[in-house]
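Undergrad:
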Amino acid sequence: MACCKRQEVRRVCRPQPSLFSRLNCLPCNRMFFFMVGVGIGVYWTRIKERIAEETKEASKAAEKNKKK
Numbered sequence: 024m025a026c027c028k029r030q031e032v033r034r035v036c037r038p039q040p041s042l043f044s045r046l047n048c049l050p051c052n053r054m055f056f057f058m059v060g061v062g063i064g065v066y067w068t069r070i071k072e073r074i075a076e077e078t079k080e081a082s083k084a085a086e087k088n089k090k091k
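Residues 24 to 91, numbered by the working numbering, are exactly what the sequence shown covers, in order.
This is the structure:
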């Protein structure tokens, strides 16, 4: 009986292709879009945290002005 184990072949861009040919390289595209996605996620999280911090400071300032 033949072994049904799937053999995975790791594909690496060798030799280093030109920038134009990297556009058609699936592993290169996956890495590029992963890095872009991580960058967008980090940027979005920082914006949300900054907005939350600013609204918290604004509410504290409003309470301080009310007490006077």
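By construction, the Cβ of each residue, glycine as well, lies at the ideal position given by its N, Cα and C atoms.
DSSP three-state label for Asn47, please.
TA: Of the three classes helix, strand and coil, the one that applies to Asn47 here is coil, per DSSP.
Undergrad: Between the C-alpha atoms of Ile63 and Asn47, what's the straight-line distance to the nearest angstrom?
TA: Spanning the two alpha carbons is a distance of roughly 23 Å.
Undergrad: Please go through the same chain and pick out, in chain order, the residues whose beta-carbon is closer than 6 Å to the beta-carbon of Glu77, but skip the five residues on each side of it.
TA: Cβ within range, chain order: n/a, list empty.
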